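Positions 728 to 916 (the working numbering) are the ones given, in order, by the sequence shown.
Note that CB positions come from ideal geometry on N, CA and C, so glycine has one too.
In this text the structure is predicted, and so the values were computed from the model without any measurement.
Here's the structure, in structure tokens; my notes come after.
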Amino acid sequence: MIPASHPFRIHHFGLVSPWVDLTNSEMWDGYGKLTDFLDDPQWIADFLVHWHFHVPPPGPAELQELRRLRKLLRHLVQKTSAGSPLRANDVAALNNWLKVPVFRQLVENQNGLHLAVAAAQIGWPDALARIAASLAESLAHDPHNRLKICANPGCLWVFVDRTKGNVRRWCNDATCGNRDRVRRSRARN
Ligand SMILES: [Zn+2]
728 MIPASHPFRI HHFGLVSPWV DLTNSEMWDG YGKLTDFLDD PQWIADFLVH WHFHVPPPGP
788 AELQELRRLR KLLRHLVQKT SAGSPLRAND VAALNNWLKV PVFRQLVENQ NGLHLAVAAA
848 QIGWPDALAR IAASLAESLA HDPHNRLKIC ANPGCLWVFV DRTKGNVRRW CNDATCGNRD
908 RVRRSRARN
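And the structure:
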């Protein structure tokens with residue numbers, strides 16, 4: 728269990744998907760001030776535990792890879808958020824992260840038999856591939872214009888819009904949405 732006092736819980740990470748958390752690990756406070764949780768070993772430890780990544784703490788090379796993947800994830804969500812189609816080179820860039828050998832195995836648990844896919848080699852390449860795969864799954868299962876970035880330019884939090892009409896613009900209506908309403912009414916007066 729990750730304590731409620733950790734930034735991971737305070738800022739509502741761990742609710743949607745690993746790719747959402749990694750993208751939002753570059754977190755702006757709503758007024759443009761940046762916190763990079765990849766600089767926080769505790770946040771990384773919580774992220775790994777929460778999403779069941781059984782890997783040692785990242786070294787400099789793995790941190791660099793995490794930042795590289797994070798940059799791609801945000802780039803792709805910038806496109807989906809703007810309603811732009813993903814191009815072949817976007818898909819290829821994501822596929823590059825998925826090129827990790829796996830094997831299939833029939834396993835039995837309390838729900839019966841199911842076909843599992845496991846990494847041929849456990850470690851950071853597999854963990855990075857699974858983070859990338861979590862976005863691939865979101866793209867495959869959600870209409871891609873539901874993967875969004877908060878419209879507050881001082882926030883830019885990434886989220887998946889589950890509203891019926893796909894009308895959500897803010898990470899949080901009570902904070903970013905309200906700030907926008909206040910700003911607009913001031914501009915009117
Ligand atoms: Zn926001």
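Under the criterion of a Cβ to heavy atom distance below 7 Å, does N879 qualify as lining ligand 1? yes
Count the other CB atoms within 10 Å of the CB of M728; is the residue buried (16 or more) or exposed (fewer)? Under this definition M728 is an exposed residue.
Note down the Cα distance separating Q805 from V829, rounded to an integer number of angstroms. 30 Å
CB W770 to CB S752, shorter than 8 Å? Against a cut-off of 8 Å, the Cβ pair of S752 and W770 comes out as a contact.
Report the residue from L874, A878 and C903 whose alpha carbon sits nearest the alpha carbon of T890. L874
Roughly how many angstroms lie between the CA atoms of R831 and A846, to the nearest whole one? Distance between the alpha carbons of R831 and A846 is about 9 Å.
Starting from F886 and walking both ways along the beta strand (DSSP E), at which residues does that stretch end? V885 to V887
Whole-angstrom distance between F735 and G786, CA atom to CA atom: 20 Å
How is A845 classed by DSSP in three states: helix, strand or coil? strand
Report the three-state DSSP secondary structure of Q837 (helix, strand or coil). coil
Out of L749, W755, H738 and S744, which one is the CA nearest neighbour of C882? W755
Using C-beta distances below 7 Å, list every residue in its chain close to G741, excluding the 5 sequence neighbours before and after it, in chain order. F735, D748 and H777, listed in sequence order.
Say yes only if the C-beta of G757 is nearer than 7 Å to one or more non-hydrogen atoms of ligand 1, and no if none qualify. yes
If you run the structure through DSSP and keep just helix, strand and coil, what is K875? strand
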